[in-house]
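Written out as structure tokens, the structure reads:
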């Protein structure tokens with residue numbers, strides 16, 4: 046998710062859910078209710094970065110791609 050700087054004002058209004066956590070869906074629902082939500086379909090590859098290991102792996106993939114790009118290879 047990508048939000049503008051106003052997201053912090055939205056977060057300040059949130060209350061924890063029944064699980065005792067702040068929910069990102071509440072932020073998204075706020076933007077939707079105000080008619081200011083937007084989305085873009087991103088093509089190409091993606092990699093999970095939800096754990097330290099997967100973040101490290103994603104970084105390695107980006108570095109590999111940058112090296113290929115410098116050598117004239119194409120990255121989609």
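Residue numbers (our numbering): 46 to 121. Just so you know, even glycine gets a beta-carbon here, dropped at the ideal spot from N, CA and C.
C-alpha gap between residue i and residue j, whole angstroms
{"i": "residue 48", "j": "residue 113", "result": "31 Å"}
{"i": "residue 168", "j": "residue 64", "result": "In this structure the chain extends from 46 to 121, so residue 168 is not present and cannot be described."}
{"i": "residue 60", "j": "residue 67", "result": "7 Å"}
{"i": "residue 109", "j": "residue 97", "result": "18 Å"}
{"i": "residue 55", "j": "residue 72", "result": "7 Å"}
{"i": "residue 52", "j": "residue 79", "result": "13 Å"}
{"i": "residue 139", "j": "residue 88", "result": "No answer is possible for residue 139: it lies beyond the span of the chain, which begins at 46 and ends at 121."}
Whole-Å CB distance - residue i paired with residue j, under 8 Å assumed
{"i": "residue 82", "j": "residue 94", "result": "No, residue 82 and residue 94 are not in contact; Cβ-Cβ is about 23 Å, not under 8 Å."}
Residue i, buried or exposed, once every other Cβ within 10 Å from all chains shown has been counted against 16
{"i": "residue 75", "result": "buried"}
Checklist entry - At which residue ranges does the region 67–121 contain complete beta strand (DSSP E) runs of 3 or more residues, listed in the order of the chain? => result List check, beta strand (DSSP E) in window: nothing returned.
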